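The block underneath contains the structure these notes are about, expressed in structure tokens.
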Amino acid sequence: SIEGSVFNFDGSSDNIDCGNNSSLNPTSQLSVSAWVNNTGAGSGSFPCIISNVSSSSNNGGFALVKNSSKWKFYLDTTGSSGWATAESNGTVVSNSWQHLCVTWDGSTVIMYLNGQAQTTTASASQIVYNADTETIIGEYAASYFQGSISNVSLYNTALTAPQVTTIYNNGTPEAVISY
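Okay, so the sequence shown: first residue is 151 according to this note's numbering, each after it adds one.
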């Protein structure tokens, strides 16, 4: 369901398919940003915030997911599950908004949780997409997110730490979206 600009996902079948437009496949740098409010376990191994992967092989591109009690970002450097992974230090907090942002400057993947850079980073010199890559919010490989997702942004540049902090400091979706 949709409430203003907040999308609610049931954890079993909801997703938003953004298609496979090449403008959604940044190749030299990227940043992904979203506000998330986890309200349940979801389904599958990797309940997903946003993914941009092959619809036939579940690899290539990237995925921002919940993996157990952490947030994780996977960036495929080979097109066949050669994943570079960055993860949150902090845990997933249920029933509370958390801001996630991941940047890749062409060499280093950094995850930010609530405006703070996390210590588990990854090195990656390239990102590889497959021909049938699709960008989907709320689902990856039949793993569905349960909760709310808002203010999803995909950039073809690596945001700086001050830019990530500014986005976080703008406040949770309830504070920045008028209903």
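Where is the CB? At the ideal position from N, CA and C, for every residue including glycine. Please read these numbers as outputs of a predicted model, since none were measured by experiment.
### Query
In whole angstroms, what is the alpha-carbon distance linking Ser-298 and Thr-228?
31 Å
### Task
Check Gln-248 in the structure and name its three-state DSSP category.
strand
#### Entry: Beta-bridge pairing of Tyr-224 - partner residues as DSSP gives them
DSSP, once it has assigned bridges, lists Ala-213 and Thr-235 as partnering Tyr-224.
### Message
Could you tell me which whole beta strand (DSSP E) segments of length 3 or greater appear in the segment 278–325?
### Response
Fully enclosed beta strand (DSSP E) runs of 3 or longer: 283–287 and 296–305.
### Query
Who are the Cβ neighbours of Tyr-318 in its own chain at under 7 Å, not counting the five residues just before and after it?
His-249, Asn-264 and Gly-265
### Query
Just how far apart, CA to CA, sit Ser-163 and Trp-185?
C-alpha separation (whole angstroms): 20 Å.
### Task
Specify the secondary structure class of Glu-153 as computed by DSSP and reduced to three states.
Residue confidence is low: Glu-153 scores 42 on pLDDT, short of 50, so the model does not pin down where it sits. No coordinate-derived value is stated.
### Query
Which of the three DSSP states, helix, strand or coil, is assigned to Ser-173?
helix
#### Entry: Status (buried if at least 16 other CB within 10 Å, exposed otherwise) for Thr-253
buried
### Query
Does the beta-carbon of Ser-151 have 16 or more other beta-carbons within 10 angstroms, so that it is buried, or is it exposed?
Low confidence applies here, because Ser-151 scores a pLDDT of 37, under 50, leaving its location unreliable and the question unanswered by this model.
### Query
Can you tell me the Cα-Cα spacing of Ser-178 and Val-278, whole angstroms?
10 Å
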